[in-house]
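Residue numbers (the working numbering), protein chains in the order written: chain G, 26 to 205; chain A, 788 to 1086.
Even for Gly, the Cβ is constructed at its ideal location relative to N, Cα and C.
Here it is in structure tokens:
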């Protein structure tokens, strides 16, 4: 009788230990994705703030230009992957518009304030790209693990599904370049 | 060059004469005393005496070579060059990274620092070993590192520290089983992950510093430079360890110095500096709010 109990305990342990290992691995992966997601929020907010400052500086030089009506999209924490993709695209467009507007003012382009903000934008862009790559690397690892056996069974029992990637435009795939 | 050749010949002559005397002593011992059991010991003792007495001559020749050939070549490529062949990189500099095992025997020489494309660097030959004695009194030496250690000012400010370590570089340090402060990170480049391991205290910094361009450059450098690679990014500095088992800037004893060939050899030896600065674009300092001047002095 005792040996039967021992055998049963061993069988249960053999069955459950891998399940616990897989669940823990899923949890760790989800935490990593959340952290990377939060990094993207931080980078997006920083980029938004820097762009707003930049636009204020440009407006100071181009008071009478109607083109200064550049809208900088609002960003907030906890946006979905699609919302983030849209926000990144919109911020890219605003950056380009501000850069084009500034080109008409050589004294603006040579001002220290403008150059400092340019550097800051390049740096926030690098941080954003880093956060996006880290998020995608974590999502890729998670998605691959989710379809592998036996994690796929435990994943579906836990109701887990594949995560969306954050897309990158061709420009974003390259390293940040600056034209100072 | 004539002076250099004189010094080389003086050393070679010393060695040749010493070897002849050694052989004569061994032959005399054999003929007069038929002391076959002591022949090997006698040979070793005599040869050690020759090596020891020739040490100062070798040092003179090596010093002259480093002054005339190595320093000149460095000055042609770099600015602000300080080359002190008697000094080495203090072990504390490597210890502070906390990412390389230090063993119990450390030596370093041929310390130099300078600037290439306005990027400050320091380098030195470094040897790190672990010497242990087992219960039977046998001594074992494990070589942790033998090669060159470089430190560059890095052009990005980042949090934490991380290492990029070639998979067959065995003695880097990256926390223990229960050390949760350092985690293994994988980037999106599958080839890179196959060649290197990354351990970091801050995963975001890894992706911030290791841009796709930097990842490609590290792979390219790894193909171009022989040896096993360890890169440590810490305190806005880049430490590079190249484990190639070689001792840089040592002159050839048995061949007459050919200035151009010797300079070419030195250029090859200092090539990692130009490669790292150029490939990793360390001279592009748009992200660095302030240049960090933290090059350690030799000791």
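- Put simply, the CB of residue 159/G is near chain A, with a gap under 9 Å to one of its CB atoms.
- Interface flag for residue 188/G against chain A is unset, since no Cβ pair is found closer than 9 Å.
- Interface annotation, residue 1066/A: not in contact with chain G, CB-CB separation never under 9 Å.
- In this structure, residue 1004/A and residue 1066/A form a Cβ contact; the two beta carbons are roughly 4 Å apart against a cut-off of 8 Å.
- The Cβ atoms of residue 967/A and residue 984/A lie no closer than 9 Å to each other.
- Within chain G, no residue has its beta carbon less than 8 Å from that of residue 986/A; the closest one is some 15 Å off.
- Residue burial annotation: residue 810/A is exposed, with fewer than 16 other C-beta atoms found within 10 angstroms of its C-beta.
- Residue 893/A carries a strand assignment under DSSP once its states are collapsed to helix, strand and coil.
- Of all residues in the stretch 136-153 of chain G, the ones placed with a Cβ closer than 7 Å to any Cβ belonging to chain A are 144, 147, 148, 151, 152, in chain order.
- Interface flag for residue 906/A against chain G is unset, since no Cβ pair is found closer than 9 Å.
- With respect to chain G, the C-beta atom of residue 1011/A has no partner C-beta closer than 9 Å.
- Nearest C-alpha to residue 1061/A among 908/A, 806/A, 873/A: 908/A.
- Inter-residue distance for residue 801/A and residue 847/A is about 13 Å (C-alpha atoms, whole angstroms).
- Residue 1016/A is bridged by DSSP to 1029/A.
- Contact between residue 83/G and residue 126/G holds: their C-beta atoms lie close to 6 Å from each other, under 8 Å.
- The alpha-carbon separation between residue 1040/A and residue 842/A amounts to approximately 13 Å.
- For residue 995/A, the uninterrupted alpha helix (DSSP H) run begins and ends at 990-996, by DSSP.
- For the stretch 941-963 of chain A, no residue has a beta-carbon sitting nearer than 7 Å to a beta-carbon of chain G.
- At least one C-beta of chain A is nearer than 9 Å to the C-beta of residue 162/G.
- Within chain G, 159 have C-beta atoms less than 7 Å from the C-beta of residue 990/A, given in sequence order.
- Using a 10 angstroms sphere on the CB of residue 152/G, the tally of other CB atoms reaches 16 or more, which defines it as buried.
- With a threshold of 16 other beta carbon atoms within 10 Å, residue 186/G falls short and is exposed.
- Contact note: residue 155/G reaches chain A through 991, 992, 993, 994, 995, 996, 997, 998, using a C-beta cutoff of 9 Å and chain order.
- Residue 952/A is bridged by DSSP to 984/A, 1017/A.
- Residue range 823-852 is occupied by the alpha helix (DSSP H) that includes residue 847/A.
- Under the Cβ criterion of 9 Å, residue 166/G is counted among the residues facing chain A.
- The closest CA to that of residue 934/A, considering only 845/A, 1015/A, 1049/A, 1023/A, is found on 1015/A.
- Taking a cut-off of 8 Å on C-beta distances, the stretch 992-1008 of chain A touches the stretch 936-952 of chain A, as three or more cross pairs fall below it.
- Identification of chain A residues near residue 64/G by a Cβ-Cβ cut-off of 7 Å yields 991, ordered along the chain.
- Interface residue (Cβ-Cβ distance to chain A less than 9 Å): residue 57/G is classified as such.
- DSSP places residue 167/G in the helix class (H, G or I) of the three-state scheme.
- Interface criterion not met: the Cβ of residue 106/G is under 9 Å from no Cβ in chain A.
- For residue 1047/A, no chain G residue has a Cβ inside 9 Å of its Cβ, as the nearest lies near 38 Å away.
- Beta bridge pairing from DSSP links residue 938/A with 909/A, 1026/A.
- With 16 or more other CB atoms across the displayed protein chains lying within 10 angstroms of its CB, residue 794/A is buried.
- Annotation for residue 870/A: the continuous beta strand (DSSP E) segment containing it runs 866-871.
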